[in-house]
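Protein chains in written order, with the working numbering: chain A, 1 to 481; chain B, 1 to 138.
Beta carbons are placed, not taken as given, at the ideal position from N, Cα and C, and that holds for glycine.
The structure presented is a predicted model; accordingly, all values stated were derived computationally and were not measured.
Written out below as structure tokens is the structure these notes cover.
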Amino acid sequence: MSTASSRARAFAFVFLLLLPAVATADRSITPEAQLFQGLRDGVFTVYGDEGHGSGFLIDPSGLVLTNQHVIANSKYVRVQISDELKVRAHVLEADDQGDIAILRIHPDRVDGLPVMRLADRTDDLAFEGERVIAIGSPLNQTRIVTSGIVSKVDGGVILSDVTVNPGNSGGPLINLDGETIGMLTFRDVDAMGPGVSGSIAITEAKGLIAAAKARAGSGTPPDPGLLPVFPKDGYPLWALERAASRPNIDETPYLLNTRPNDNDIFGGKAAGSQLAIGDYFISFMTPPFIYRTQKEVALEVSKKRKAREAKGGAEQAESFDPFQDLKDWYQHLGEYTPTVLVSVTPKIGETAGSVVGGIVAGAVFGVRAAPEYEFKADLKDVVLKVDGERQEEIQRGMSYGAVTQYGKDLARSGQFVFSPDCFAHRDGRWPVVTIEVYSIDKPTEPMVVRLPQWTLEQIWVDFEPYREQLRFAETESVVGS
Amino acid sequence: MTRATERTRSALAPMRALGLGRVLPLALALALPVFSSGCGSTRLVHPAFEPTAVAELEVGMPLSTFETRFGAPDIRFETKLGTATDHTWNGVVYKYLMAKDPNFGVERWITNTFVFCKGDGEPKLNNWDIEQVHGSGD
């Protein structure tokens, strides 16, 4: 072996040893990654009454640009700045047709955060093939980056192959110079696969931004107080599985109107069963209740299969596992968050005309025509109070439902996410928790229901595993691991 | 067929398989009330949880020793602990359902919980939370 050859081998050996360190030190950071790291803190999650989208800081005075459809039909608009910070927002300007809205939050809450630099040219705002990134809060994620190229610039719209999902709306489309050139707004929902998505050219918002800045100068900013946010951790998996596995769960504590003796519980006629039932179904759903409800069918239909498995001595690999969806990553999908979901849904009933018509037709002709149905109520708002104090929702979800067969009607229902702390035992007693349900046709006469103690107890019991998980997070190992 | 009949039949299916379908149901119908009133009220769940045994619990107790002393748990699961501290560790959690909590109108179980630290060797008892000890007046 020659000396030169030995040296070469020695060099190669040393080089191989150094390679991991060199690769780590010189790890390639793409322009997209650099941009994202510098700008992401200026992109927020915007909550309206019907869902959530994205928005971004365009002025240090607290102006946030988003899509109008993100905050459409919303009485309450909130902006989540980071994992822990969520604040109220005012709608300063909104253009329904252009789908642009400008919100205002308190400037103290955005102090030091990056303000997006908006491109102000119209001629060469973007060119086809140009690389771009988008930042937003799609699905159950917050501030995630996707990238692509500009596919087409068409008037006031930029089409790109950047992936857009529900929740991306209102997020910035940014070129590699760090300029915001558009606002992610739509995609073709009928198309299969990611396809192309559309962004409103940022120049389309120019007039509205100027008007908002003028208005912001004179008005008072919204309250900077913090609002509740979704917990970052998930509900313990073992407790979900146990909840679903147990037989004969009493569901009545979760559903306000199913106990036969409501009057006893609500303390008399003033808050009695009629008032409690009203024209709405009201339910309080916890993660174990939701999971159990979802698994009910799977567990029922798998009983015979389980019997066959037992009879044949099936191996584990051959056994049906109804809980195989319980993985550590499930919480990233936003499933079974440790929160209480309050659902308020108007009841459907036969119209008065249909009832009378049916009686008359039955008496005269001896036949009964098909009944006609309608909603018995139409939701305007829901307020939860604990010991008389209003509680803020983590998320509101108002939506429309329709009766299309045997009648035609449309009404609003709502799902409201609250922290379990709202229902928790405190100071050695159960709090007085009331829910006020406002209807569109009776905006000043809410139906007021006091939650029965067993509902509070059930929520408390359901969250015992979660409270334990929080304690476990703080528990140190004293025996070593 | 009524629902009640369906339930009765399915409950009796194993007995029929054993050829006891005719005699045993009648015998059981007579015996069950006696059994439930005579034994149900005094039978302890997890009787090993008595004051002396509980007083001997100590940090570092091996899982096998613990299980020999207290029996198998009703619930067992593994989880990560210390996630909010500098040192995350893996644990095995044993839960013993002692009794239904009379202070609640809904189903809540008084539970004794034990956390074992999983390391290279046998898991060792790290911490515990005892809600009920038999014979202690609880």
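If the five residues before and after A:T122 are omitted, its C-beta is found closer than 7 Å to the C-beta atoms of T203, all from its own chain and listed in chain order. Below 8 Å, enough C-beta pairs join the stretch 279-291 of chain A and the stretch 336-346 of chain A to call them touching: three or more.
A check of alpha carbon separations from B:E107 across A:P138, A:G225, A:T455, A:L39 identifies A:T455 as the nearest.
Counting along the chain, A:S218 sits inside the alpha helix (DSSP H) bounded by residues 206-218. When DSSP reads this structure, A:Q458 sits in no beta bridge, so it has no partner.
One Cα belongs to A:L255, the other to A:D279, and the distance between them is close to 14 Å.
Under the three-pair Cβ rule at 8 Å, the stretch 162-176 of chain A counts as touching the stretch 52-71 of chain A. A:Q316 sits exposed, since fewer than 16 C-beta atoms from the chains shown fall within 10 Å of its C-beta.
For A:S199, the closest Cβ of chain B is not nearer than 7 Å. For A:I100, the closest alpha carbon among the candidates A:L92, A:P107, A:H106 is that of A:L92.
Where A:H52 is concerned, the enclosing beta strand (DSSP E) starts and stops at 52-59. Under the Cβ distance rule, A:E84 does not count among the residues neighbouring chain B, no pair being separated by less than 7 Å.
Taking C-alpha positions only, A:E318 is separated from A:Q324 by approximately 13 Å. Closer than 7 Å to the CB of B:V92 there is not a single CB belonging to chain A. Chain B places a beta carbon closer than 7 Å to that of A:E476, counting this residue as a contact. A:S54 counts as buried, since no fewer than 16 other beta carbons sit within 10 angstroms of its beta carbon.
Three or more Cβ pairs closer than 8 Å define a contact, and the stretch 394-410 of chain A falls short of that threshold against the stretch 427-437 of chain A. The C-alpha of A:G195 lies about 43 Å from the C-alpha of A:K306.
Annotation: the continuous alpha helix (DSSP H) that includes B:F66 extends over 63-70. The beta-carbon of A:V157 is placed no less than 7 Å from the nearest beta-carbon of chain B. Against chain B, the beta carbon of A:D250 has neighbours under 9 Å at V106, E107, listed in chain order. Minimum Cα-Cα distance from A:A216 among the listed residues A:R104, A:Y438, A:K380, A:G357 corresponds to A:R104. Sequence-distant partners of A:P231 (beyond 5 residues in either direction) whose C-beta falls short of 6 Å from its own C-beta, in its chain, are P338. Here A:V150 is near A:E130, since their CB atoms are less than 7 Å apart. In this structure, DSSP gives A:G357 a helical state, which the three-state scheme calls helix. Per DSSP, A:G38 is not a residue of any beta strand (DSSP E); the alpha helix (DSSP H) it occupies stretches across 31-39. DSSP, reduced to helix, strand and coil, places A:T252 within a helical segment of the structure shown. Residues of chain B with a Cβ closer than 8 Å to the Cβ of A:Q458 are, in chain order, V106.
In this structure A:Y47 is buried. Its beta-carbon is surrounded by 16 or more other beta-carbon atoms within 10 angstroms. Following the DSSP letters along the chain, one finds A:P287 inside the alpha helix (DSSP H) bounded by residues 287-312. Against chain A, the CB of B:W89 has a partner CB under 7 Å away; the residue lies at that interface.
Listed along chain A are V478, V479, each with a C-beta nearer than 9 Å to that of B:V59. Under the 10 Å beta carbon count, A:Q97 is surrounded by fewer than 16 other beta carbons and is classified as exposed. Per DSSP, reduced to three states, the secondary structure at A:R450 is strand.
Beta-bridge analysis with DSSP links A:I394 to no other residue.
Residues L237 of the same chain have their beta carbon placed closer than 8 Å to that of A:D328, with the five preceding and five following residues left out of the count.
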